[in-house]
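Visitor: Heads up: the sequence shown is residues 3 to 499, going by the working numbering. For each residue, glycine too, the CB sits at the ideal point set by N, CA and C. My questions will all concern the structure given below.
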Amino acid sequence: MKYIVAVDIGTSSTKAIAFDLFGKSLVEYRVTYPIISSGPTYCEQEPECLFDAVVTCITQVCLLMKQRFSVTSLLGVSFSSAMHGLIVVDQKGTPLTNCIIWADTRSEPFAADLKASSIGHDIYMNTGTPIHAMSPLCKIGWMQVHMKDTFDSAHKFISIKEYVFFKLFGQYVIDFSIASATGLLETRTQRWYAPALEVAGISPEQLSTLVPITHILHGLVPYYADLMQIDDNVPFIVGGSDGCLANLGAGAVTAGLASVTIGTSGAIRLVSEEPSTDPKGRIFSYVISPEIFVLGGAVNNGGNILQWFQNGFISDNEQPLNITIPLLTAEASTISAGSEGLIFLPYLAGERAPYWDAKAKGVFFGIQMHHRKAHFIRAIMEGIIFGMYSIGKALEETVGAIDLLLASGGFARSGVWIQMLSDIFNKKVCVKRTVESSAMGAAIVGMEALRLIDGFKLWDESDFPIAEFYPDQDRHRIYMENFIVFERLYIKLKDEF
């Protein structure tokens, strides 16, 4: 059995999935890890913890393959990773900080000042990364003042995927898709953008070498080859960001097809042959390859809010999150569309698109005596989709019409949530068998890099839509009445946040 391992380094877990050459998922292994919050706006993860998770996942998925098939051949290992993470390392590659992840908003004052300036607007228009505390640009700029000793000691500013490759191969490389989410890369030329580097106070030498997502690394450090029980000549493909690869994995690679993903956070994205920025600054423009760009927006608040609700308001003796989320969504299905007037602003972790407001807060509005737990669950789910719908509207204004939604991520397992998506957007939604679209995208990139396929398309008949959802006009009308209030609430409360 010939196979490729796709490694997806996410916010709450790392998973490795073995795919055959037709894109069929064979086995999977996952390791979870915590987010470290030493302050209200701090969100970090320990680099070595994430690195160990990567090694463990590769080891275990290859072991499972050997147990399942009598003869196996590992053709390569390809990667997907969350965006916007930042680790500062010294000359030996030792981390001077934890991995400061996308949800960390400590640099919000720096981001607000930069966003209000003309240079900030210029940086957004050229890099395609909205000015926000999530971006490494703002994190590094904030460090200049608030972590000066660390900043002055920095040899490199890198992401978690770069840290993994340095440990495994002794090289600092960064793919264009991760780089294009830093706020430091000029999207059209795919080179480091000098004005952004000047604002950050760093030089190009303090960043990794830019490579395409199909770049192959050879010469795995023998210690880790032995640890993972694989040959040290197995090619490792650098791969890309989870957001960009989700479009490849979902098959959303032509005009009018939008990929919608909700896991811990969420995003909606379209592909384009040209980079495109929004004068209102609502969307991002990232790079897959010199010919393919991903336009869209991400929200900070997705499945993490259901986890928050479960942890804070459901008794400890109930089952773990991966079991209770279906139970929560089933309970929400007992309530009619619109949650009987209960509206939720889902900004518990601030917000990215379309407002890029790290100070935004969560709000339940319209609470009355008849509202019960199920109303709150449904309002949470509706509020998350309303946030995605706001981005969808901005995309259609900027890029063009969305004809079809392709759903993936954890929420794609919930028919209740997908029907809600269809009703709110008033569009058809398709769900594929492989809901882990970022890992699937990494596998596709790996196959393209190894010349097993031609282009970033892999058609497997078994991966055609397993479910299709169509909008209900009566529910859409109710949702739009609530959505108007949803948008007005943010505008009215923005200054109070």
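Do you know how far the Cα of residue 383 is from the Cα of residue 418?
Guide: Mapped onto the sequence shown, residue 418 falls at position 416. Mapped onto the sequence shown, residue 383 falls at position 381. Rounded to the nearest angstrom, the two C-alpha atoms are 10 Å apart.
Visitor: Determine the extent of the beta strand (DSSP E) in which residue 256 is found, giving its start and end residues.
Guide: Start at 1 with the first residue of the sequence shown, and residue 256 comes out as number 254. Residue 256 -> no beta strand (DSSP E), and no H or E assigned at all.
Visitor: If we count the other Cβ atoms within 10 Å of its Cβ and call it buried at 16 or more, is residue 129 buried or exposed?
Guide: Working through the sequence shown from its first residue, we reach residue 129 at position 127. Looking at its Cβ environment, which holds 16 or more other Cβ atoms inside 10 Å, residue 129 is buried.
Visitor: What does residue 295 pair with, by DSSP beta-bridge criteria?
Guide: Walking along the sequence shown from the start, residue 295 turns up at place 293. Beta-bridge partners assigned by DSSP to residue 295: 274 and 289.
Visitor: Cutting at 6 Å between CB atoms, please list the residues of its own chain near residue 353, excluding the five before and the five after it.
Guide: Against the sequence shown, residue 353 aligns to sequence position 351. Cβ within range, chain order: 302, 359 and 362.
Visitor: What residues match up with residue 80 in a beta bridge as DSSP calls it?
Guide: By 1-based counting over the sequence shown, the position of residue 80 is 78. Answer by DSSP bridge pairing, in chain order: 8 and 239.
Visitor: Residues in its own chain within less than 7 Å of residue 232 by CB, not counting five upstream and five downstream?
Guide: Position 230 of the sequence shown holds residue 232. 64 and 76, listed in sequence order.
Visitor: Pull up the distance between the alpha-carbon of residue 4 and that of residue 22, whole angstroms please.
Guide: One-based indexing of the sequence shown puts residue 4 at position 2. One-based indexing of the sequence shown puts residue 22 at position 20. The straight-line gap from Cα to Cα measures roughly 6 Å.
Visitor: State buried or exposed for residue 372, treating a residue as buried only when at least 16 other CB atoms are found within 10 Å of its CB.
Guide: Working through the sequence shown from its first residue, we reach residue 372 at position 370. Burial call: exposed.
Visitor: Write down every uninterrupted run of the alpha helix (DSSP H) in the stretch 120-181 whose length is 4 residues or greater and which is fully enclosed by it, in chain order.
Guide: 120-129, 138-148, 150-155, 162-171 and 178-181
Visitor: According to DSSP, simplified to helix, strand and coil, what is residue 391?
Guide: Taking the first residue of the sequence shown as 1, we reach residue 391 at position 389. For residue 391, the three-state secondary structure derived from DSSP is helix.
Visitor: By alpha-carbon positions, which one of 442, 191 and 348 ends up nearest to residue 294?
Guide: Working through the sequence shown from its first residue, we reach residue 294 at position 292. The candidate whose alpha carbon is nearest that of residue 294 is 191.
Visitor: Is it true that the CB of residue 425 sits closer than 8 Å to the CB of residue 339?
Guide: Start at 1 with the first residue of the sequence shown, and residue 339 comes out as number 337. Start at 1 with the first residue of the sequence shown, and residue 425 comes out as number 423. Against a cut-off of 8 Å, the Cβ pair of residue 425 and residue 339 comes out as a contact.
Visitor: For residue 42, count neighbouring C-beta atoms within 10 Å of its own C-beta (all shown protein chains included) and say buried if the count is 16 or more, exposed if not.
Guide: Taking the sequence shown and counting its residues from 1, the one referred to as residue 42 is at position 40. By the neighbour-count rule (16 or more Cβ atoms within 10 Å), residue 42 is not buried but exposed.
Visitor: My guess is that residue 82 and residue 177 are in contact by the Cβ rule of under 8 Å, so how many angstroms apart are they, rounded?
Guide: Mapped onto the sequence shown, residue 82 falls at position 80. Mapped onto the sequence shown, residue 177 falls at position 175. The pair is not a contact, with the Cβ atoms about 10 Å apart (cut-off 8 Å).
Visitor: Might you give, ordered along the chain, the residues of its own chain that have their beta carbon closer than 6 Å to the beta carbon of residue 413, omitting 5 neighbours on each side?
Guide: In the sequence shown, counting from the first residue as 1, residue 413 sits at position 411. Answer for residue 413: 264 and 419, listed in chain order.
Visitor: Across which residues does DSSP place residue 47 in a beta bridge pair?
Guide: As a first step, residue 47 is located in the sequence shown; it is residue number 45 there, counting from the start. Residue pairing by DSSP places residue 47 opposite 101 in a beta bridge.
Visitor: Per DSSP, which residues does residue 15 bridge with? Please list them.
Guide: As a working mapping, residue 15 is identified with position 13 in the sequence shown. Per DSSP, 34.
Visitor: Short check: CB of residue 299 to CB of residue 396, under 8 Å?
Guide: Position 297 of the sequence shown, counted from the start, is the residue given in the question as residue 299. Position 394 of the sequence shown, counted from the start, is the residue given in the question as residue 396. For residue 299 and residue 396, yes; Cβs fall inside 8 Å.
Visitor: With 16 as the cutoff for other CB atoms within 10 Å, does residue 49 come out buried or exposed?
Guide: In the sequence shown, the residue the question calls residue 49 occupies position 47. Buried, since its Cβ has 16 or more Cβ neighbours within 10 Å.
Visitor: To the nearest angstrom, how far is it from the Cα of residue 84 to the Cα of residue 245?
Guide: What you label residue 84 is simply residue 82 of the sequence shown in a count that begins at 1. What you label residue 245 is simply residue 243 of the sequence shown in a count that begins at 1. So the alpha carbons of these two residues sit roughly 7 Å apart.
Visitor: Between which two residues does the beta strand (DSSP E) carrying residue 353 extend?
Guide: Position 351 of the sequence shown, counting from 1, holds the residue named residue 353. From DSSP, residue 353 is part of no beta strand (DSSP E); its letter is neither H nor E.
Visitor: Are there three or more Cβ pairs, one per stretch, closer than 8 Å when the stretch 49-62 is compared with the stretch 195-215?
Guide: no
Visitor: Just the Cα atoms here: how many angstroms apart are residue 332 and residue 415?
Guide: In the sequence shown, residue 332 corresponds to position 330, counting from 1. In the sequence shown, residue 415 corresponds to position 413, counting from 1. Approximately 12 Å, taken between the alpha carbons.
Visitor: Assuming contact is defined by CB atoms lying nearer than 8 Å, are residue 267 and residue 297 in contact in what I supplied?
Guide: Residue numbering aside, residue 267 sits at position 265 when the sequence shown is read from its first letter. Residue numbering aside, residue 297 sits at position 295 when the sequence shown is read from its first letter. No; because the gap between Cβ atoms is not below 8 Å, this pair is not in contact.
Visitor: Around the Cβ of residue 148, are there at least 16 other Cβ atoms within 10 angstroms (buried) or fewer (exposed)?
Guide: In the sequence shown, counting from the first residue as 1, residue 148 sits at position 146. If you draw a 10 Å sphere on the C-beta of residue 148, you find fewer than 16 other C-beta atoms in it, and that means exposed.
Visitor: For residue 339, which of helix, strand or coil comes out of DSSP?
Guide: The residue you call residue 339 lines up with position 337 of the sequence shown. Of the three classes helix, strand and coil, the one that applies to residue 339 here is coil, per DSSP.
Visitor: In or out: residue 18 buried (at least 16 other Cβ within 10 Å) or exposed?
Guide: The residue labelled residue 18 in the question sits at position 16 within the sequence shown. That one is buried.
Visitor: Going by other Cβ atoms of all chains shown within 10 Å of its Cβ, with 16 needed for buried, is residue 450 buried or exposed?
Guide: As a working note, residue 450 is residue 448 in the sequence shown. It is buried - the Cβ of residue 450 has at least 16 other Cβ atoms within 10 Å.
Visitor: Thinking C-alpha only, which one of 336, 252, 282 and 386 is nearest residue 308?
Guide: Start at 1 with the first residue of the sequence shown, and residue 308 comes out as number 306. When each option's Cα is compared against that of residue 308, the closest is 386.
Visitor: Could you give the first and the last residue of the continuous beta strand (DSSP E) run that contains residue 410?
Guide: Here residue 410 refers to the residue found at position 408 of the sequence shown. Its beta strand (DSSP E) spans residues 406-410.
Visitor: Which of the three DSSP states, helix, strand or coil, is assigned to residue 24?
Guide: Position 22 of the sequence shown, counting from 1, holds the residue named residue 24. Of the three classes helix, strand and coil, the one that applies to residue 24 here is coil, per DSSP.
Visitor: Please list, in chain order, all residues of the same chain as residue 73 whose beta carbon is under 8 Å from its beta carbon, the five residues on each side excluded.
Guide: On the sequence shown, residue 73 is found 71 positions in, with the first residue counted as 1. For residue 73, where only same-chain residues beyond five positions count, the Cβ hits under 8 Å are 3.
Visitor: What does the alpha-carbon distance come out to for the pair residue 405 and residue 255?
Guide: Locating residue 405 in the sequence shown gives position 403, where the first residue counts as 1. Locating residue 255 in the sequence shown gives position 253, where the first residue counts as 1. Rounded to the nearest angstrom, the two C-alpha atoms are 13 Å apart.
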